[in-house]
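Enquirer:
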Amino acid sequence: MARVEVEGFPVVEVEPGSTLLEICEDAGIPMECACGGFAACNSCRVDVLAGMDQLTPLKEEELAFLDGEGQRLGCQAEVLGDVKVRLASGM
Ligand code: FES
Numbered sequence: 017m018a019r020v021e022v023e024g025f026p027v028v029e030v031e032p033g034s035t036l037l038e039i040c041e042d043a044g045i046p047m048e049c050a051c052g053g054f055a056a057c058n059s060c061r062v063d064v065l066a067g068m069d070q071l072t073p074l075k076e077e078e079l080a081f082l083d084g085e086g087q088r089l090g091c092q093a094e095v096l097g098d099v100k101v102r103l104a105s106g107m
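Under our numbering, residues 17 to 107 are what the sequence shown spells out, in order.
(1) Would you say R88 faces chain B, with C-beta separation under 8 Å as the test?
(2) So, N58 versus F81, is the Cβ gap smaller than 8 Å?
(3) Am I right that A55 and L89 are in contact with their C-beta atoms under 8 Å? What's the rounded C-beta distance?
(4) DSSP has K100 in a bridge; who is on the other side?
(5) Can you say whether A50 is buried or exposed, counting buried as having 16 or more other CB atoms within 10 angstroms of its CB?
(6) Using the beta carbon as the reference atom, which residues fall closer than 5 Å to any heavy atom of the ligand FES, ordered along the chain?
Structure follows, in structure tokens:
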């Protein structure tokens, strides 16, 4: 199991392989999803506070929507192990 902590919300334990967006939706954590999870907006963007290496590798299509190296799109990043993230400001 992987521990996923979204700052300000209770820690959830999940099977590895789900995206951060799927995990937040299942846990009732209000991650925005304006484009439906197709890497076409930045509403699901997160700041990764710990465990960047426990997310699947950055995808080319994410780059246009990120402000820095410490960010990922929640709809594209699959969880492999323990991570801590913060919901970033949307569009
Ligand atoms: S929901 Fe739009 S990029 Fe993730």
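Every residue, glycine too, gets a C-beta built ideally from N, C-alpha and C. For clarity, every value in this text was computed on a predicted model and none was experimentally measured.
Expert: Straight from the coordinates:
(1) Here chain B cannot be found, since the structure has a single protein chain.
(2) yes
(3) 6 Å
(4) E21, A66
(5) exposed
(6) C49, C51, G53, A55, C57, C60, L89, C91
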